[in-house]
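Engineer: Line by line, the protein sequences are chains A and B.
54 is the number of the first residue of the first sequence in the working numbering; add one for each residue after it.
4 is the number of the first residue of the second sequence in the working numbering; add one for each residue after it.
We put the beta carbon where it would ideally sit given N, CA and C, even for glycine.
Before we start, here is the structure in question, set down as C-alpha cells.
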Amino acid sequence: MIEYDYLIERDEGNEVKEFRPDKIPKKMENLCYIEGPNSSGKSTLLNIIALGLYGLKNNRLHPALQDKLKSLVGSNHQKLKFTIKIKNKNGSLEIVSEKLDLNKPDIIVKEITSNGERKLSKEMFERDYNLIYDIPHDPTQRLNHLIDDIKDAQIRYGNSIGRLKETVRRILAEIDSSRNPKRISELNTQYNDKENELSICNKTIEKQQLQLNIVEDYTYFRFYNEYKIKLNQVQGKIDNLRKNAVKTEKKTHNQNSEYYTNLEIARRTVQEMQSIYNKVSDLLNISLTKDKHYLNIWQKIDLKRALEELQFDENLEECILHFKRVLREQEDELKEDESSKEADFFNALIEVLESYKRFNLTIPGMEKSISEFINDLKVAAEKHDTIIKKRKNIEETDAELAKLKREMDKLNTSVFPDMIRLKPLLGTKMSDYITENAEQEISSLNNQLSEFQNKYEYYENLYSAKGKPIEKEIMSKGGKKIRDYISYTEEQLKDKIKELRNSINDETANKRTLEHSRISISTELERLKDKKPHRYQNQVEALNELLSKLNLLESKFKIDYDSYIKEIIDKNLSKNITKEQENYNDAIFHFLAKKIGRFAHINKEYKAIKVDLINGIIHTEDKKRIHLQDMGTGQSQSAYLKGLLNTSDKRKVIAMFDEVAMMDNKSLEPIYKKFRELYEGGKLLAGIVVQRGEEVNVISKIK
Amino acid sequence: MEEESSIKDLFETLLKEDNEKKIIRLIVDDKEPEEIVEILLNSKEH
C-alpha cells in the first residue's frame, strides 16, 4: 500500500496559493498505473516520492528529473511539506519519508519492521533500497544508459576493494604493533648482537686507550730528553765558536785566489754533510740493532776539521761502509721474516687492486667488492706495521749514508787535492777565513737552537701533563710493544698517536650509535611485551598476498574496466584493442542481453543473446540481427525499462516510470509482468507507471 | 522462464582467477571488509 499527502504553498505575488492532492487518491496499491490530464498532480506525486527517498542526491537520476526535484524545494516562492508511506505486501516492512516543516529542509526517512524503527541515512537507504525513476524519452539512446548501471557498479566495487585493501593494511599494521613472538625473538637476537658488539667496542676502546697512553708516555719522555741533550750540544758548539772568534783578529784576505774558491765549495759541502750526518745519527740510534760500538767512533767524528786538514777523519769512510753492511744484513733478516713477507704480499696485492677499484666487480668466492677487499687487506697489512716501519727506516739510513759518501768522495777527489797544491802559497790566511765564517755558523746554530727550544718546550708540556713518568715505569707499562716504538722516528711516533686518537674517536662514535640502537630495540621490546598477540598473527604472509591481489583488482576495476566502459559509452573503440578489452566488451554485450531478456518487436517476441552497443545491434537467439534504430519506439522503451528492473543486487526496488507516452498496452504489459514477478518475490516495494490521459484514472496492476 | 541476469555473474565471467572471483562475490554480497578478510583467510587455511 502507498499512502501520501503533501502541501505546497506557492507565492504568486498577490496571493499565496496552497496545493494539496485532490484528484489522485492518497492511498493506492503498490503496483499501479496512473493516467490523467496536465496539472492533475501525477508527476508531482512521483517527484515528491523521489525527493523523499534521497532522489536529489541520486546521481543515476536523469538531470531533467533532478531539476524538477530541485524546483520543488529550492525555490524561494514555494514551500513544501509531505508524508509518504510505502508498506510491503504482507505489512512486515514500511518505508516512511516525512518533511514536516514548511520552513525547514529536513527530510526524515525511516524503516519500520517487526524489529522496530530505524532512521535511514542516504548511505543506508542506498545500500538496502534502489530507487528507479525514469522518463524514457529517447528509447534507442536510453538503452545505452543501462550500461551506466555497470559503470556505477564498477566504481562502487572498485571503492569496496579499496576499503577492503585499507582494512588489510590496518590489520597488518595492528599485527606489526601487537605482541608478535617472531618479532620479539628477532628483537631479542638483535639486542644480544648489539650487546656483543658494544662489549667488543668497549674492549677495543680500552685497548687503544692503553696503547695511546704507552705511545704518548714513551714519545713525550723520549723527545723531552732528546731535545734537552740536543739543546745542550748546540749551545756548547755556539759557545766554542764564540770563544775562538774573540781570540782571533779579523783580517782581510785575497778572495780572488783559486784556493778560496775551492775552500768555499768545501765549506758548503761540509755544511751539507753535517746536516746529513746529524740525520744519519738520529736514524742509526733507532735503526741499528747490532755492532752498536761503532756509534761511539761515529759520534767522535768532526767533519769541520776536514776544512783545516784537507782530509776527512779516516773513521768516516770506515763507519759508512760498516753501517751500510750491517744495515743490509738487518734488512735481509727482516725481509726473511714471515710477517714481512705477508705484509709485502698484501701491499703488492693492494697496489694491483687499486687500479681496478673503479670497476664494479665482485671477488669470486668472497662476495665482496674490490674496495671492500682492499680495506680487508689494509687491516691485515696494518698488523705488520712495525716491521714495515723498521725496513723503511733502514732504507732511509742507507740512502743518507750513500749521500754522505758521495759528498765525501767529491771533496776527496776534486777539491781537496787542488787545495793541498795551493795551500803552501797562502801562509796563515786560512785560519782567518775560518774565523770570518764563524759568525755565519753561529747564526745557523742559533736557528737550530730556537727550533730545538720550541720542541723541547712542546714535549716538556706534554710530558708534564702525563705526570713525568720515569723510564723504568714507561718500559714496564709498555712491555714488548715499547721495543717496536724504539725503531720509530719522531714523525712516525706522532703519526701513530694521531692514528690511535682517530681510531678511538671512530670507535667512540660507533659505541654511541650502538647504544642508541640498543635503547631503541629495548624500548620496542618493552612495548611489544605489553601487547596481546593478534588473532591473525600467523597469517601475515597470506594477508600480504591478499593485499597484493587487491592492488591488482582495484586497478583493474578503477582503471582498466573504467576506460573500457567509457569507450563503449562514447562508441569510440581504440584501434588496436587488447584481447582483454575484447573479452570485456563481449561480456558486457552478453550481460546487456541477459538484462533485456525477451522483448517484443513487430508482433513477435525474441530472446536477446547479445546487445552490441557500439554498432547498435541486438543479436537474438534465432540469429536475427535487429538494429536498435529499427525497433518500434514503444518496444524499445519496453526493452529498456525491463532492463532497468532486472537488477542484480539484493536491494528492494521502488520503480516509477513517467511519460511512457510512446508505449501502448502491448509494450507496457511486459513491464507490469516484471512488476508482479518482483513484487511477488518480495523485491519490489512500489511500481508506478504514469501516462497522460483525458481523465484521472488509477488502475491497480497487482492482478 | 526469463534468464536471470546479474552483475555478479558479469564480473565472475571477466575475472579469471578463483580468488578474484571469490573476492568480488563477497563484495557484491555486501559483506563487511573484516568479514571478507576472515572468510578469505579461513578458506586459505583449509
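Quick one: Cα of A:I612 to Cα of A:S174, how far?
Structural biologist: The residue given as residue 612 of chain A occupies position 559 in the first sequence. The residue given as residue 174 of chain A occupies position 121 in the first sequence. Using only the alpha carbons, I get a separation of about 30 angstroms.
Engineer: Which chain D residues sit within Cβ distance under 8 angstroms of A:L698?
Structural biologist: Protein chains A and B are contained in the structure displayed, whereas chain D is not.
Engineer: Measuring only between beta-carbons, confirm whether B:I39 sits less than 7 angstroms from chain A.
Structural biologist: Here residue 39 of chain B is taken as the residue at index 36 of the second sequence, counted from 1. For B:I39, the answer is yes, since a Cβ of chain A falls inside 7 angstroms of its Cβ.
Engineer: Once you ignore the five residues that flank A:I165 on each side, which residues in its own chain have a CB closer than 7 angstroms to its CB?
Structural biologist: Counted from its first residue, the first sequence places residue 165 of chain A at position 112. Around A:I165: E147, V149.
Engineer: Using C-beta distances below 6 angstroms, list every residue in its chain close to A:I188, excluding the 5 sequence neighbours before and after it, in chain order.
Structural biologist: Counting from one through the first sequence, the residue named residue 188 of chain A turns up at place 135. Excluding sequence neighbours, A:I188 sits near D711, E712.
Engineer: Between the beta-carbon of A:I102 and the beta-carbon of A:I137, is there less than 7 angstroms?
Structural biologist: Sequence index remark: in the first sequence, residue 102 of chain A carries index 49 (1-based). Sequence index remark: in the first sequence, residue 137 of chain A carries index 84 (1-based). Contact flag set, yes.
Engineer: According to DSSP, is A:M709 helix, strand or coil?
Structural biologist: Reading the first sequence from its first residue, position 656 is the one you call residue 709 of chain A. DSSP places A:M709 in strand when its eight states are reduced to three.
Engineer: Hey, out of A:D366, A:N625, A:D75, whose CA is closest to A:S355's CA?
Structural biologist: Here residue 355 of chain A refers to the residue found at position 302 when the first sequence is read from its first residue. Strictly speaking, residue 355 of chain A in this sequence is Asp, with Ser absent from that position. Comparing Cα-Cα distances from A:D355 to each of A:D366, A:N625, A:D75, the minimum goes to A:D366.
Engineer: I think A:L600 touches A:R223, with their Cβ atoms under 8 angstroms apart; what is that distance to the nearest whole Å?
Structural biologist: Locating residue 600 of chain A in the first sequence gives position 547, counting from the first residue. Locating residue 223 of chain A in the first sequence gives position 170, counting from the first residue. Not confirmed; about 11 angstroms, so no contact.
Engineer: Relative to the C-alpha of A:E176, which candidate in A:L153, A:R209, A:P158 has its C-alpha closest?
Structural biologist: Position 123 of the first sequence holds residue 176 of chain A. If we check each option's Cα against that of A:E176, A:R209 comes out closest.
Engineer: Exposed or buried, which one is A:G289 when buried takes at least 16 other CB atoms within 10 Å?
Structural biologist: Numbered from its first residue, the first sequence carries residue 289 of chain A at position 236. Looking at its Cβ environment, which holds fewer than 16 other Cβ atoms inside 10 Å, A:G289 is exposed.
Engineer: Compare the beta carbon distance of A:Y244 and A:F178 with 7 angstroms and say whether it is the shorter of the two.
Structural biologist: Position 191 of the first sequence holds residue 244 of chain A. Position 125 of the first sequence holds residue 178 of chain A. For A:Y244 and A:F178, no; Cβs fall outside 7 angstroms.
Engineer: According to DSSP, is A:I416 part of a helix, a strand, or is it coil?
Structural biologist: Numbered from 1 along the first sequence, position 363 holds the residue referred to as residue 416 of chain A. Three-state DSSP puts A:I416 in a strand.
Engineer: Who does A:G211 pair with in a DSSP beta bridge?
Structural biologist: The residue given as residue 211 of chain A occupies position 158 in the first sequence. BP columns for A:G211 are empty, so no partner.
Engineer: Could you name the residues of the stretch 223-252 of chain A whose beta carbon sits closer than 7 angstroms to any beta carbon of chain B, in the order they occur along the chain?
Structural biologist: I224
Engineer: At a CB-CB cut-off below 9 angstroms, which residues of chain B make contact with A:I214?
Structural biologist: Against the first sequence, residue 214 of chain A aligns to sequence position 161. In chain order: I26, I27, I30.
Engineer: Counting only the same chain and skipping the five closest in sequence on each side, list residues whose C-beta sits under 8 angstroms from that of B:I27.
Structural biologist: Along the second sequence, read from residue 1 onward, the residue named residue 27 of chain B stands at position 24. Only K11, F14, E15, L18 meet the Cβ criterion.
Engineer: Please tell me whether A:E250 and A:L567 are closer than 7 angstroms, where the distance is taken between their beta carbons.
Structural biologist: For the purposes of this step, residue 250 of chain A is taken as the residue at position 197 of the first sequence. For the purposes of this step, residue 567 of chain A is taken as the residue at position 514 of the first sequence. Closer than 7 angstroms, so yes.
Engineer: Identify whether A:T542 lies in helix, strand or coil by the three-state DSSP scheme.
Structural biologist: One-based indexing of the first sequence puts residue 542 of chain A at position 489. Of the three classes helix, strand and coil, the one that applies to A:T542 here is coil, per DSSP.
Engineer: Answer with yes or no whether the minimum CB distance from A:S701 to chain B is below 7 angstroms.
Structural biologist: Here the question's residue 701 of chain A lines up with position 648 in the first sequence. Interface residue (Cβ-Cβ distance to chain B less than 7 angstroms): A:S701 is classified as such.
Engineer: Figure out for me which residue from A:G696, A:L626, A:Q634 has the closest Cα to the Cα of A:F652.
Structural biologist: Locating residue 652 of chain A in the first sequence gives position 599, where the first residue counts as 1. If we check each option's Cα against that of A:F652, A:G696 comes out closest.
Engineer: For a contact defined as C-beta to C-beta under 7 angstroms, what are the partners of B:D21 on chain A?
Structural biologist: As a position in the second sequence, residue 21 of chain B is number 18, starting the count at 1. Within chain A, no residue comes near B:D21; the closest Cβ sits about 11 angstroms away, beyond 7 angstroms.
Engineer: So, is the C-beta of A:L600 closer than 7 angstroms to a C-beta in chain B?
Structural biologist: Along the first sequence, read from residue 1 onward, the residue named residue 600 of chain A stands at position 547. For A:L600, the answer is no, since every Cβ of chain B falls outside 7 angstroms of its Cβ.
Engineer: Rounded to a whole number of angstroms, what is the C-alpha to C-alpha distance between A:L454 and A:K377?
Structural biologist: The residue labelled residue 454 of chain A in the question sits at position 401 within the first sequence. The residue labelled residue 377 of chain A in the question sits at position 324 within the first sequence. Their backbone Cα atoms lie some 7 angstroms apart in a straight line.
Engineer: Mind checking who A:H680 pairs with in its DSSP beta bridge?
Structural biologist: Taking the first sequence and counting its residues from 1, the one referred to as residue 680 of chain A is at position 627. Note: A:H680 sits in a beta bridge opposite A:I670.
Engineer: One question on the structure: do A:M81 and A:V751 come within less than 7 angstroms of each other, judged by their Cβ atoms?
Structural biologist: If you number the first sequence from 1, residue 81 of chain A lands on position 28. If you number the first sequence from 1, residue 751 of chain A lands on position 698. Cβ atoms of A:M81 and A:V751: closer than 7 angstroms.
Engineer: Given a cut-off of 7 angstroms, decide if A:K134 and A:L118 are closer than it, judged by their beta-carbon atoms.
Structural biologist: Taking the first residue of the first sequence as position 1, residue 118 of chain A is located at position 65. Taking the first residue of the first sequence as position 1, residue 134 of chain A is located at position 81. No Cβ-Cβ contact shorter than 7 angstroms links A:L118 with A:K134.
Engineer: How is A:K426 classed by DSSP in three states: helix, strand or coil?
Structural biologist: One-based indexing of the first sequence puts residue 426 of chain A at position 373. The amino acid at residue 426 of chain A is misidentified as Lys; the sequence shows Phe. Looking at A:F426 - three-state DSSP - the assignment turns out to be helix.
Engineer: Measuring CA to CA, which of A:V333, A:A319, A:I350, A:Q327 is closest to A:Q364?
Structural biologist: As a position in the first sequence, residue 364 of chain A is number 311, starting the count at 1. By alpha-carbon distance to A:Q364, the top candidate from A:V333, A:A319, A:I350, A:Q327 is A:A319.
Engineer: With a threshold of 7 angstroms between beta carbons, is A:Q592 in contact with chain B?
Structural biologist: Translated into the one-based positions of the first sequence, residue 592 of chain A becomes position 539. At least one beta carbon of chain B lies nearer than 7 angstroms to the beta carbon of A:Q592.
Engineer: In chain B, which residues lie with their C-beta within 8 angstroms of the C-beta of A:R180?
Structural biologist: In the first sequence, counting from the first residue as 1, residue 180 of chain A sits at position 127. Going along chain B in sequence order, the residues near A:R180 (Cβ under 8 angstroms) are D33.
Engineer: Among residues of its own chain, excluding the 5 on either side of B:L44, which ones have a beta-carbon nearer than 7 angstroms to its beta-carbon?
Structural biologist: For the purposes of this step, residue 44 of chain B is identified with residue 41 of the second sequence, where counting begins at 1. So no residue of the chain qualifies.
Engineer: Whose Cβ in chain B lies nearer than 8 angstroms to the Cβ of A:V162?
Structural biologist: As a first step, residue 162 of chain A is located in the first sequence; it is residue number 109 there, counting from the start. The premise fails here: A:V162 is roughly 19 angstroms from chain B at the closest Cβ pair, so nothing lies under 8 angstroms.
Engineer: Using a Cβ-Cβ distance cut-off of 7 angstroms, determine whether A:L406 contacts chain B.
Structural biologist: On the first sequence, position 353 is the one that residue 406 of chain A refers to. Taking Cβ atoms only, chain B never reaches closer than 7 angstroms to A:L406, which makes this a no.
Engineer: Quick one: Cα of A:H130 to Cα of A:D75, how far?
Structural biologist: For this step, residue 130 of chain A is matched to residue 77 along the first sequence. For this step, residue 75 of chain A is matched to residue 22 along the first sequence. Answer to the nearest angstrom: the Cα atoms are 22 angstroms apart.
Engineer: Between the beta-carbon of A:E279 and the beta-carbon of A:L475, is there less than 7 angstroms?
Structural biologist: In the first sequence, the residue the question calls residue 279 of chain A occupies position 226. In the first sequence, the residue the question calls residue 475 of chain A occupies position 422. In this structure, A:L475 does not lie closer than 7 angstroms to A:E279 by Cβ.
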